[in-house]
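S.K.:
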Amino acid sequence: MGNRESKQAKQSTAAAAEASAGTASLSPALDPSNAPREAALGEWESPITSTFITEKAVKLSDPYLRASDGVMIWLESRSNEGGRQVLVMRSPDGTVRDITPPATTADGFNVRTTVYEYGGGEYCIVGDTVYFTNFRDQALYAQDLGAAEPSAPRLVTHGSEERGERFADGSWDESRRRLVMVSEVHKDGSGAELPPGKVINRLVAVDVSSGQVTQLVSDAEFYSYPSVSPNGRWLAWMQWDFPNMPWDRTTLMVAPIQEDGSVGQATRIAGAGGAAGEPASAVQQPMWSADSSFLYFVDDKSGWWNLYRCQAPVTSTTCTAESCTSTAWANGAAAAEALAPMEAEWGFPSWNLDRRSYQVLSDGSVIGVFTDPRVAGHTLALLQPPTAGGSQWKLTQLNLGTGRQ
Numbered sequence: 001m002g003n004r005e006s007k008q009a010k011q012s013t014a015a016a017a018e019a020s021a022g023t024a025s026l027s028p029a030l031d032p033s034n035a036p037r038e039a040a041l042g043e044w045e046s047p048i049t050s051t052f053i054t055e056k057a058v059k060l061s062d063p064y065l066r067a068s069d070g071v072m073i074w075l076e077s078r079s080n081e082g083g084r085q086v087l088v089m090r091s092p093d094g095t096v097r098d099i100t101p102p103a104t105t106a107d108g109f110n111v112r113t114t115v116y117e118y119g120g121g122e123y124c125i126v127g128d129t130v131y132f133t134n135f136r137d138q139a140l141y142a143q144d145l146g147a148a149e150p151s152a153p154r155l156v157t158h159g160s161e162e163r164g165e166r167f168a169d170g171s172w173d174e175s176r177r178r179l180v181m182v183s184e185v186h187k188d189g190s191g192a193e194l195p196p197g198k199v200i201n202r203l204v205a206v207d208v209s210s211g212q213v214t215q216l217v218s219d220a221e222f223y224s225y226p227s228v229s230p231n232g233r234w235l236a237w238m239q240w241d242f243p244n245m246p247w248d249r250t251t252l253m254v255a256p257i258q259e260d261g262s263v264g265q266a267t268r269i270a271g272a273g274g275a276a277g278e279p280a281s282a283v284q285q286p287m288w289s290a291d292s293s294f295l296y297f298v299d300d301k302s303g304w305w306n307l308y309r310c311q312a313p314v315t316s317t318t319c320t321a322e323s324c325t326s327t328a329w330a331n332g333a334a335a336a337e338a339l340a341p342m343e344a345e346w347g348f349p350s351w352n353l354d355r356r357s358y359q360v361l362s363d364g365s366v367i368g369v370f371t372d373p374r375v376a377g378h379t380l381a382l383l384q385p386p387t388a389g390g391s392q393w394k395l396t397q398l399n400l401g402t403g404r405q
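Under full-length UniProt numbering, read the sequence shown as residues 1 to 405, first letter to last.
1) I need the straight-line Cα distance from A381 to G82, nearest angstrom please.
2) How about D125 and R176: do their beta carbons lie closer than 8 Å?
3) Write down the C-beta distance between R178 and A205 rounded to the nearest angstrom, noting that I regard them as a contact closer than 8 Å.
4) Considering only DSSP beta bridges, list what D173 is partnered with.
5) Is N231 close to chain D? Criterion is C-beta to C-beta, closer than 8 Å.
6) Ignore the nearest five residues each way along the sequence and tell me which others in A282's own chain have a CB closer than 7 Å to its CB.
7) For A21, which three-state DSSP category applies?
8) Pick from S362, Y358, G364 and D363: whose alpha carbon is nearest that of F370?
9) Can you tell me which residues form a DSSP beta bridge with P385?
10) I'd like to know whether the C-beta atoms of Y118 and W288 end up nearer to each other than 8 Å.
11) Do the region 216-229 and the region 152-162 make contact, defined as three or more Cβ pairs closer than 8 Å?
12) According to DSSP, which residues form a beta bridge with N201?
13) In terms of alpha-carbon separation, which member of G232, W234 and Y223 lies closest to W240?
14) Starting from the C-beta of L398, find all residues in its chain whose C-beta is less than 7 Å away, skip the five residues before and the five after it, and write them out in chain order.
15) Who are the Cβ neighbours of E221 in its own chain at under 6 Å, not counting the five residues just before and after it?
16) The beta strand (DSSP E) with E76 in it runs from where to where?
17) Where does D354 land, buried or exposed, given buried means 16+ other C-beta within 10 angstroms?
18) Determine the direct distance from the alpha carbon of D363 to that of W393, and round the result to whole angstroms.
19) Does the distance from the C-beta atom of A255 to that of G264 stay below 8 Å?
20) Grab me the residues of G401's own chain with a C-beta within less than 6 Å of its C-beta, minus the 5 sequence neighbours each way, in chain order.
21) Once DSSP output is grouped into helix, strand and coil, what is the label at S391?
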């Protein structure tokens with residue numbers, strides 16, 4: 001009797017093991033452990049989480065192509081690194097490598113600025129050097145790219161963290177070896193935090209050798225798109241005041257750069273308005289021609305963000321007190337030329353700094369993207385100056401179909 005009970009027990013144990021093995025091989029849908037569960041409204045936990053969806057996502061932005069050798073650099077925002085932004089370089093031979101050092105507990109570099117909180121304009125390439133803002137301290141750093149491996153980042157703006165100063169949107173001033181940038185200061189001279197609404201926004205020059213920061217312009221509440229002319233004689237920028245947003249009402253300003261590096265009296269070139277029947281407008285994206293003879297920009301005074309340009313008053317390379325003055329721009333500003341008037345948008349809401357939709361080529365042509373409300377997506381186009389004796393710019397659409405900016 002006892003032997004029979006023992007035998008039955010062994011058979012029962014074997015059957016249970018077999019059933020367990022069978023259960024283990026079941027698909028997840030048939031696995032009893034995955035049976036439907038009841039939960040109160042709003043408390044059901046989905047297996048498809050935000051982490052599951054985004055952990056492998058990589059956002060690419062801010063591409064830069066060095067025409068001299070074909071080197072390409074761009075910014076990657078990596079979800080699996082907590083959203084850390086990394087500069088990546090592709091060499092002419094196709095080799096792709098990170099420029100920004102890996103994040104560690106000692107030196108976690110993250111190429112991200114928080115100027116105006118939304119950021120943008122985090123880095124600037126000058127020859128074989130990249131200048132960038134680091135997220136942790138918002139200071140400006142430099143890395144040399146000419147060697148086989150990028151150098152370790154070196155601090156440029158010593159003391160900026162103590163001042164609560166942030167940097168973004170740099171434009172290179174070759175003749176003075178400095179960057180003209182948007183600066184946002186959050187602390188007073190004693191190191192105390194400035195109250196909300198008292199933060200100081202300004203345009204500054206950063207000497208990349210000494211790290212010295214010099215204020216250039218500070219009479220408006222917000223700034224963007226500082227642009228030094230290639231000949232080093234002019235500084236253009238966009239500015240606006242609260243409560244306007246940069247897509248509501250902005251002003252394009254130009255001022256001479258004096259021999260000592262300071263900025264002279266500024267002249268309004270376009271934008272703002274709203275007085276004496278003048279339409280209010282928002283201007284953006286100022287950019288100089290390669291020879292500094294023209295200043296291009298986007299303005300929505302017609303109701304559409306179209307491309308314009310005006311001619312610089314002096315084309316010589318010498319800046320004298322008589323020739324290099326802001327008043328010399330008066331006639332040129334009034335005669336700003338619309339390159340290709342159209343019911344389409346070459347501009348966009350400037351949530352971030354240093355965003356551009358076009359590029360001026362060496363021959364004065366413009367390549368860029370615009371949006372037409374009658375056509376889905378963005379249109380890639382080339383604008384070519386009038387030929388001898390002509391007056392119309394030639395617009396050529398380059399893409400087949402639609403695309404995304």
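C-beta atoms are modelled at their ideal positions from N, C-alpha and C, and glycine is treated no differently.
M.R.: In short:
1) Whole-angstrom Cα-Cα distance: 37 Å.
2) It should be noted that the sequence gives Ile, not Asp, for residue 125. Result no, Cβ atoms of I125 and R176 do not sit closer than 8 Å.
3) Contact flag correct, Cβ pair sits at about 5 Å.
4) Here D173 is bridged, per DSSP, to R178.
5) Given the protein chain composition of this structure (a single chain), no chain D is represented.
6) Counting only Cβ-Cβ distances below 7 Å, and skipping sequence neighbours, we find P246, W247, D248, R249, T250, G271 and D300.
7) Low confidence applies to A21: its pLDDT is 47, below 50, so where it sits in the model is not reliable enough to give any reading.
8) The option with the nearest alpha carbon to F370 is Y358.
9) In DSSP, P385 forms no bridge with anything.
10) No. Outside cutoff.
11) They do not touch, by the three-pair rule.
12) E184.
13) Distances from the CA of W240 to each of G232, W234 and Y223 were compared; the closest alpha carbon is that of Y223.
14) Beyond the five residues adjoining it in sequence on each side, L398 comes within less than 7 Å, by CB distance, of L380, A381 and L382 in the same chain, given in chain order.
15) So the list reads D241 and F242, once near-sequence residues are dropped.
16) That run of the beta strand (DSSP E) goes M72 to R78.
17) Buried, by the Cβ-count rule.
18) When rounded, the distance between both Cα atoms is 13 Å.
19) Between A255 and G264, the C-beta spacing is below 8 Å.
20) For G401, the predicted structure reports a pLDDT of 49, less than 50, and the residue's modelled location is therefore unreliable. The matter cannot be settled from this model.
21) DSSP places S391 in coil when its eight states are reduced to three.
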